[in-house]
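Peer 1: Okay, handing you the structure first.
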Amino acid sequence: MKEFDYVIIGGGCAGLSLAYELEIHKKLNDKTLAIIEPRSEYKKDKTWSFWRVTPHNFDDCVKKNWKNFSINIPGKTNYLECKNFPYQSIDSGKFYEKINNKLKENKNISFFKDITEINKKNSFIFNSVPEIKKSHLNLWQHFCGVEIETKNNFFDEEIFNLMDFDCEQRESVHFFYTLPFSKNKALVETTWLSKINDSSQKDYDKQIKEYIEKHLKIKNYNITYKEEGAIPLFYPLYKKEKNKINIGTAGGMTRLSTGYTFLNIQEHSKYIRENIENISNSKKFEISKKYQFLDDIFLRVLSKHPEKMSGIFFNMFNTSPRTVIKFLSNKSNFLEDLNIILKMPKWTFIKALFY
Ligand SMILES: Cc1cc2nc3c(=O)[nH]c(=O)nc-3n(C[C@H](O)[C@H](O)[C@H](O)COP(=O)(O)OP(=O)(O)OC[C@H]3O[C@@H](n4cnc5c(N)ncnc54)[C@H](O)[C@@H]3O)c2cc1C
251 MKEFDYVIIG
261 GGCAGLSLAY
271 ELEIHKKLND
281 KTLAIIEPRS
291 EYKKDKTWSF
301 WRVTPHNFDD
311 CVKKNWKNFS
321 INIPGKTNYL
331 ECKNFPYQSI
341 DSGKFYEKIN
351 NKLKENKNIS
361 FFKDITEINK
371 KNSFIFNSVP
381 EIKKSHLNLW
391 QHFCGVEIET
401 KNNFFDEEIF
411 NLMDFDCEQR
421 ESVHFFYTLP
431 FSKNKALVET
441 TWLSKINDSS
451 QKDYDKQIKE
461 YIEKHLKIKN
471 YNITYKEEGA
481 IPLFYPLYKK
491 EKNKINIGTA
501 GGMTRLSTGY
511 TFLNIQEHSK
521 YIRENIENIS
531 NSKKFEISKK
541 YQFLDDIFLR
551 VLSKHPEKMS
561 GIFFNMFNTS
571 PRTVIKFLSN
581 KSNFLEDLNI
591 ILKMPKWTFI
601 KALFY
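The opening residue of the sequence shown carries number 251 in the numbering used here; numbering runs sequentially from there.
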């Protein structure tokens, strides 16, 4: 069986981002790489969105940029600006196509469906398949979104809605998220932050239909695309092994309070590329301990007081949007952190330290 210098397990967002980063920086000119990916074909399956707080390789896969957004709770709406850090949506279909076309040009890169097809004994492994221990206590961000096309122009394409809490909460945390790609096209997503074993929240189609027809009051529309997923709001198991590191969700690249992962994956890929010559001895790349600590408290509050969360999120955005965006994108300084922390209900958060 063939041997490779590097093996990437999982050719999804993290696996392909890393392969692309290595390829465009010519790190695979005299090294071989095997990518293990079981899917039979690549097609659009996700819409990755985030505030662009740092440059990345995929501006040409961006479906749309927004400089304004809103957040609402029943009876109140906050309109905010994000000129300095536009919110971007990446079309995963374009992302897969761009990367695969580039990787095909290099004979040193090969794709396999299963790890048993190669000899990995002497390879350095980048693994993006998470090992998740099932626990009824774990929190997930689970969601379903549909892209719709309306008969008449309906949306204001200049402003997206980050969180609309004006919907049933079912003793949990629930909001809708709307990304208007044009005046008559938008992604409308129902999102829950909860324990995933609660299947009573999974009537996604009904929730979305009611929101579109009764809340947004759109009657004539077609569904053109659908996506569904669940992001773990806890870190998957990570065994320290020589010659192997985890990447992507498996590598702890999800910001646990928000589910945002895409840009962290890009930063991790860059870090690996910069250290590839000495990767076995490089320090583990992780989301700063400061955010790990703050997110842990935040999720304890969320677990204990789901009814308070819509108000907490809404209040958080009562400060400068630049500060909140930096905080949620792991780029805030001490004063900005303090600004956010002071917006939180103090006793609820202090008590959460002792749950
Ligand atoms: C529907 C959806 C929407 C999301 N939207 C956003 C967003 O807007 N913003 C954001 O920041 N994050 C978002 N995320 C979170 C995160 O960015 C994505 O989950 C991202 O795809 C994670 O990348 P990954 O490489 O870790 O996992 P994946 O992209 O899922 O890649 C893992 C790959 O491993 C392959 N695989 C599975 N089993 C094996 C095996 N045994 N051997 C080899 N390969 C295997 C899979 O086929 C897959 O291709 C979203 C997640 C989902 C599910």
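Note that CB positions come from ideal geometry on N, CA and C, so glycine has one too. On a predicted model such as this, the values are computed, not experimentally measured, just so you know.
1. Going by other Cβ atoms of all chains shown within 10 Å of its Cβ, with 16 needed for buried, is Gly325 buried or exposed?
2. Tell me which same chain residues have a C-beta within less than 7 angstroms of the C-beta of Lys293, skipping the five on either side of it?
3. Per the DSSP calculation, Glu399 is bridged to which residue(s)?
4. What would DSSP say about Ser449, mapped onto helix, strand or coil?
5. Suppose only complete runs of 3+ residues qualify. What are the beta strand (DSSP E) ranges in the stretch 464 to 509, listed by chain order?
6. Do Phe393 and Tyr485 have their C-beta atoms within less than 9 angstroms of each other?
7. Grab me the residues of Ala602's own chain with a C-beta within less than 6 angstroms of its C-beta, minus the 5 sequence neighbours each way, in chain order.
8. Tell me whether the beta-carbon of Asn307 lies closer than 9 angstroms to the beta-carbon of Ser267.
9. Quick one: does the C-beta of Ser378 sit closer than 8 angstroms to a heavy atom of ligand 1?
10. Cβ of Tyr454 versus every heavy atom of ligand 1: is any distance shorter than 8 angstroms?
11. Leaving out five residues before and five after Ser360 in sequence, what residues of the same chain have Cβ atoms less than 7 angstroms from its Cβ?
12. Using 8 angstroms as the Cβ pair cut-off and three pairs as the minimum, do the stretch 495 to 515 and the stretch 369 to 386 touch?
13. Is His392 helix, strand or coil by DSSP?
14. Alpha carbon to alpha carbon, how far is Gly509 from Asn583? Give it in angstroms, no decimals.
15. Say whether the stretch 268 to 275 touches the stretch 290 to 305, bearing in mind that this needs 3 or more beta-carbon pairs closer than 8 angstroms, one atom from each stretch.
16. Along the chain, where does the beta strand (DSSP E) containing Met413 start, and where does it finish?
17. Does the beta carbon of Phe300 fall short of 8 angstroms from some heavy atom of ligand 1?
18. Beta-carbon separation of Lys313 and Ile349 under 9 angstroms?
19. Measuring straight from C-alpha to C-alpha, what distance separates Phe426 and Gly501?
20. Could you tell me the boundaries of the alpha helix (DSSP H) in which Leu549 lies?
21. Since I believe Gly395 is in contact with Leu437 (beta carbons under 8 angstroms), could you give me their beta-carbon distance rounded to a whole number of angstroms?
22. With DSSP as the reference, identify every bridge partner of Gln338, one or two as the case may be.
23. Counting along the chain, where does the beta strand (DSSP E) carrying Leu283 start and finish?
24. Can you find the residues in the same chain that come closer than 8 angstroms, C-beta to C-beta, to Asp545, ignoring five residues on each side of it along the sequence?
25. Is any heavy atom in ligand 1 found nearer than 8 angstroms to the beta carbon of Phe410?
26. Go ahead and label Ile575 buried or exposed: buried means 16 or more other beta carbons lie within 10 angstroms of its beta carbon, across all protein chains shown.
27. Following a CB-centred definition, is Cys263 positioned closer than 8 angstroms to any heavy atom of ligand 1?
28. When you measure from the CB of Ile296 to every non-hydrogen atom of ligand 1, does any distance come out below 8 angstroms?
29. Identify which residue in Arg523, Asn388, Asp587 and Ile526 has its Cα closest to the Cα of Ser538.
30. Can you list, in chain order, the residues of its chain with a C-beta nearer than 8 angstroms to that of Glu347? Leave out the 5 residues immediately preceding and following it.
31. Hey, how far is the Cα of Asn434 from the Cα of Pro336?
32. Looking at ligand 1, does it come within less than 8 angstroms of Phe512, judged from the CB to the closest heavy atom?
33. Is the beta carbon of Glu491 within less than 8 angstroms of some heavy atom of ligand 1?
34. Would you grab the beta carbon distance between Leu412 and Phe535 for me? Rounded to a whole angstrom, and I think it's under 8 angstroms.
Peer 2: In brief:
1. Stepping through the sequence shown from its first residue, residue 325 is reached at position 75. Its Cβ having fewer than 16 others within 10 Å, Gly325 is exposed.
2. Within the sequence shown, the letter at position 43 stands for residue 293. Taken in chain order, the residues that qualify are Gly343.
3. Locating residue 399 in the sequence shown gives position 149, where the first residue counts as 1. Per DSSP, Lys435 and Asn472.
4. On the sequence shown, position 199 is the one that residue 449 refers to. The answer is helix: DSSP assigns Ser449 an H, G or I state.
5. 471 to 482 and 494 to 496
6. Counting from one through the sequence shown, the residue named residue 393 turns up at place 143. Counting from one through the sequence shown, the residue named residue 485 turns up at place 235. No. Outside cutoff.
7. Locating residue 602 in the sequence shown gives position 352, counting from the first residue. Hits under 6 angstroms: Ile547, Arg550 and Val551.
8. Position 57 of the sequence shown holds residue 307. Position 17 of the sequence shown holds residue 267. Yes, the pair counts as a contact, with Cβ atoms nearer than the cut-off.
9. On the sequence shown, position 128 is the one that residue 378 refers to. Yes, the Cβ of Ser378 comes within 8 angstroms of a heavy atom of ligand 1.
10. On the sequence shown, residue 454 is found 204 positions in, with the first residue counted as 1. Not so, every heavy atom of ligand 1 lies at least 8 angstroms from the Cβ.
11. Residue mapping note: residue 360 aligns to position 110 of the sequence shown, counting from 1. Once the five neighbours on either side are set aside, the close Cβ partners of Ser360 are Ala284.
12. Touching, per the Cβ criterion.
13. Locating residue 392 in the sequence shown gives position 142, where the first residue counts as 1. His392 falls in the strand class under three-state DSSP.
14. Taking the sequence shown and counting its residues from 1, the one referred to as residue 583 is at position 333. Taking the sequence shown and counting its residues from 1, the one referred to as residue 509 is at position 259. Distance between Asn583 and Gly509, taken at the CA atoms: about 21 angstroms.
15. no
16. If you number the sequence shown from 1, residue 413 lands on position 163. First-last of the beta strand (DSSP E) with Met413: Ile409 to Asp414.
17. The residue you call residue 300 lines up with position 50 of the sequence shown. Yes, ligand 1 has a heavy atom inside 8 angstroms of this Cβ.
18. In the sequence shown, counting from the first residue as 1, residue 313 sits at position 63. In the sequence shown, counting from the first residue as 1, residue 349 sits at position 99. Result no, Cβ atoms of Lys313 and Ile349 do not sit closer than 9 angstroms.
19. As a first step, residue 426 is located in the sequence shown; it is residue number 176 there, counting from the start. As a first step, residue 501 is located in the sequence shown; it is residue number 251 there, counting from the start. Their backbone Cα atoms lie some 28 angstroms apart in a straight line.
20. Residue 549 sits at position 299 when you count from the first residue of the sequence shown. Start and end: Lys539 to Lys554.
21. Counting from 1 along the sequence shown, the entry for residue 437 is found at position 187. Counting from 1 along the sequence shown, the entry for residue 395 is found at position 145. Leu437 to Gly395, Cβ: 5 angstroms. Contact.
22. On the sequence shown, position 88 is the one that residue 338 refers to. Paired residues: Phe300 and Asn315.
23. Residue mapping note: residue 283 aligns to position 33 of the sequence shown, counting from 1. That run of the beta strand (DSSP E) goes Leu283 to Ile286.
24. For the purposes of this step, residue 545 is identified with residue 295 of the sequence shown, where counting begins at 1. Closer than 8 angstroms at Cβ, skipping near neighbours: Arg505, Leu506 and Ser507.
25. To locate residue 410, count along the sequence shown from 1; it is residue 160. Checking every heavy atom of ligand 1 against the Cβ of Phe410, none is found closer than 8 angstroms.
26. Locating residue 575 in the sequence shown gives position 325, where the first residue counts as 1. Counting Cβ neighbours within 10 Å, Ile575 comes out buried, since at least 16 surround it.
27. Position 13 of the sequence shown, counted from the start, is the residue given in the question as residue 263. Correct: Cys263 has its Cβ closer than 8 angstroms to ligand 1.
28. Here residue 296 corresponds to residue number 46 of the sequence shown, with the count starting at 1. It should be noted that the sequence gives Lys, not Ile, for residue 296. Under cutoff, so the answer is yes.
29. Locating residue 538 in the sequence shown gives position 288, counting from the first residue. Checking every option, the nearest Cα to that of Ser538 belongs to Asp587.
30. In the sequence shown, counting from the first residue as 1, residue 347 sits at position 97. Contacts found: Tyr292.
31. By 1-based counting over the sequence shown, the position of residue 434 is 184. By 1-based counting over the sequence shown, the position of residue 336 is 86. Near 21 angstroms, if we compare the C-alpha coordinates of Pro336 and Asn434.
32. Translated into positions along the sequence shown, residue 512 becomes position 262. Yes, since a heavy atom of ligand 1 falls inside the 8 angstroms radius drawn around the Cβ of Phe512.
33. Along the sequence shown, read from residue 1 onward, the residue named residue 491 stands at position 241. No, the beta carbon of Glu491 sits no closer than 8 angstroms to any heavy atom of ligand 1.
34. As a first step, residue 412 is located in the sequence shown; it is residue number 162 there, counting from the start. As a first step, residue 535 is located in the sequence shown; it is residue number 285 there, counting from the start. So it is not a contact: roughly 28 angstroms between Cβ atoms.
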